[in-house]
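Contents: one structure, followed by commentary.
Residue numbers (this note's numbering): 1 to 95.
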């Protein structure tokens, strides 16, 4: 039912970067909150920046997956097109 695929190096790197950024961002925001004790503009900016970077990592992962899927589909279409062209050449030679 489900096909298992091997993770590529890029996928592992993106996963590792996402985990590191998530953990480091949480620690930095928590440290800032402990120092200030209240919600300040620096806190809001740090949370927004952290979420932006985290979103960029997720987008990179999605873009990589879609690019890989698109390249596989393009290769399949190229193979099918080559087969159709061969059949057309054979039909034209018969005439």
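Even glycine gets a Cβ: it sits at the ideal position worked out from N, Cα and C. Since the model is a prediction, treat every value here as computed from it, not as a measurement.
Given residue i as reference, the closest of the options once Cα atoms are compared
i, options, result
"residue 21", "33, 52 and 77", "52"
"residue 11", "44, 66 and 48", "66"
For residue i, the first and last residue of its enclosing alpha helix (DSSP H)
i, result
"residue 40", "First-last for residue 40: undefined, no H or E at that position."
Reduced DSSP secondary structure (H/G/I, E/B, other) of residue i
i, result
"residue 1", "Reliability fails at residue 1, whose pLDDT of 49 lies under 50, so the model's placement of it is uncertain and no value is given."
"residue 8", "coil"
Counted within 10 angstroms of its Cβ, other Cβ atoms place residue i as buried (16 or more) or exposed
i, result
"residue 101", "Residue 101 falls outside the range modelled here, since the chain spans only 1 to 95, and no answer is possible."
Inter-stretch contact at 8 Å, needing at least 3 Cβ pairs: the region 22 to 30 / the region 48 to 64: Yes, the region 22 to 30 touches the region 48 to 64.
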